[in-house]
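The sequence shown begins at 0 in numbering that gives the first Met the number 0 and counts up by one. I have placed the structure first, in the form of structure tokens, so that the comments after it can refer back to it.
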Amino acid sequence: MKTLLPTSTAGSLPKPSWLAEPETLWSPWKLQDNELIDGKHDALRIALQEQKQAGIDIVSDGEQTRQHFVTTFIEHLSGVDFEQRKTVKIRDRYDASVPTVVGPISRPNAVFVEDAKFLRQQTDQPIKWALPGPMTMVDTLYDDHYKSREKLAWEFAKALNQEAKELEAAGVDIIQFDEPAFNVFFDEVNDWGIACLEKAIEGLNCETVVHICYGYGIKANTDWKKTLGSEWRQYEEVFPKLQQSNIDIISLECHNSSVPIELLALVQGKKIMVGAIDVATNTIETPEEVAATLRKALKYVDADKLYPCTNCGMAPLSREVARGKLNALRAGAEIVRKELAT
Ligand SMILES: [Zn+2]
């Protein structure tokens, strides 16, 4: 990446109201059949345009073609029955009715590859594509087949690896795996979570990211954050092993969070996507606030390894607020770039 402090988002952007109910997660589509296919493509074009207008350097599809960051991928796999549902606790935090793993996991067809090709046709800028991470996928299902979280995660990692290789071939520059579960199940992360992630990236030549956040700005997550105390040291548990892993980039929540920024020293040598935009509030950061977060991170991350980013996806926000936050991110990065140039 030639640009210093290249900006990007953690992934999702709000969907237009003609495609899905705004400011809602899991919002059902408003179109059907061919209209839905066209509608998703149009929304992807708009999401790209908004990132370009805001001056974002590494662009994405804004996750316009998927209903949910985990479920949409799982829906395309064999071995999971979406009719058979059980209630489980997601990330030890909230109950949800989830599908059941009933047989061997496989990926009969590509999931996002056509969408990625479409995005690639629309822009020459570097593109980043997000996939769910194996551990976070396991955590959204009831497993009645493997009866082992580790074994199930390994099977998901194999399916993710097939998808990632095809995304790379479609021209994706950076592939990101969303692993909010890494902030919760520390022993498992160290025992097998990172190994599964490395299986998912096996043989890739493009850059890879693991996104570890404290979740969208939904109530279950903001309530959980209130229980974490004044210092959020969750990252400390998994950073030493991540630092040793083959993952290139680590995407973290840093703005308005209680994460002690000095924890970044534990992943020295990795590129860091520094979350400098809070997605849990409608208040738009000032460029100076963004710059302040980036400056803090610069004490522990070399400038050529720092990628300004959002804390998490912006799907639940209004489009106006998301646009404002994209602009603030770019403007904040520009302030710090100028400081570094002098
Ligand atoms: Zn996130």
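We put the CB at the ideal spot given by N, CA and C, even for glycine. From a predicted model like this one, the values you see are computed outputs, not experimental measurements.
Which term fits residue i, buried or exposed, when burial requires 16 or more other beta carbons within 10 angstroms of its beta carbon?
i	result
K218	exposed
Y215	buried
Y213	buried
L47	buried
Q63	buried
P103	exposed
E154	buried
D222	exposed
T309	buried
G268	exposed
F81	exposed
P259	exposed
Q52	exposed
In the DSSP output, which residue or residues are listed as bridge partners for residue i?
i	result
S105	S77
R84	P98
K270	I248
D177	P131, H210
C205	In DSSP, C205 forms no bridge with anything.
C308	G274
W28	A19
I89	Y93
V58	I126
Below 8 Å on the Cβ atoms is my contact criterion, and I expect residue i with residue j to pass it. Report the Cβ-Cβ distance as a whole number of Å.
i	j	result
P21	P13	6 Å
A296	L263	6 Å
H67	W25	5 Å
Q121	D56	The Cβ separation is near 16 Å, so there is no contact.
G331	P286	4 Å
M313	T70	Their Cβ separation, rounded to whole angstroms, is 18 Å, which puts M313 and T70 out of contact at 8 Å.
I211	E178	6 Å
Problem set entry | Closer than 5 Å to ligand 1: residues, by C-beta to nearest heavy atom, in chain order | Going along the chain, the residues that qualify are C212, C311.
Problem set entry | Three-pair Cβ contact test at 8 Å for the stretch 117-131 versus the stretch 88-97 | no
Exercise. Is the number of C-beta pairs between the stretch 191-203 and the stretch 252-270 that are closer than 8 Å three or more?
Worked result: The stretch 191-203 is not in contact with the stretch 252-270.
Problem set entry | Segment contact flag, the stretch 28-36 with the stretch 137-151, C-beta cutoff 8 Å, min 3 pairs | no
For this session: Report yes or no: do three or more beta-carbon pairs, one from the stretch 227-242 and one from the stretch 277-293, lie closer than 8 Å?
Result: Judged by Cβ distances under 8 Å, the stretch 227-242 makes no contact with the stretch 277-293, as fewer than three pairs qualify.
Exercise. Per the contact definition of three or more C-beta pairs closer than 8 Å, is the stretch 220-233 in contact with the stretch 186-196?
Worked result: no
For this session: Tell me, please, whether the stretch 33-43 touches the stretch 71-86 by the rule of three or more beta-carbon pairs shorter than 8 Å.
Result: Touching, no, given that fewer than three Cβ pairs across the two stretches are closer than 8 Å.
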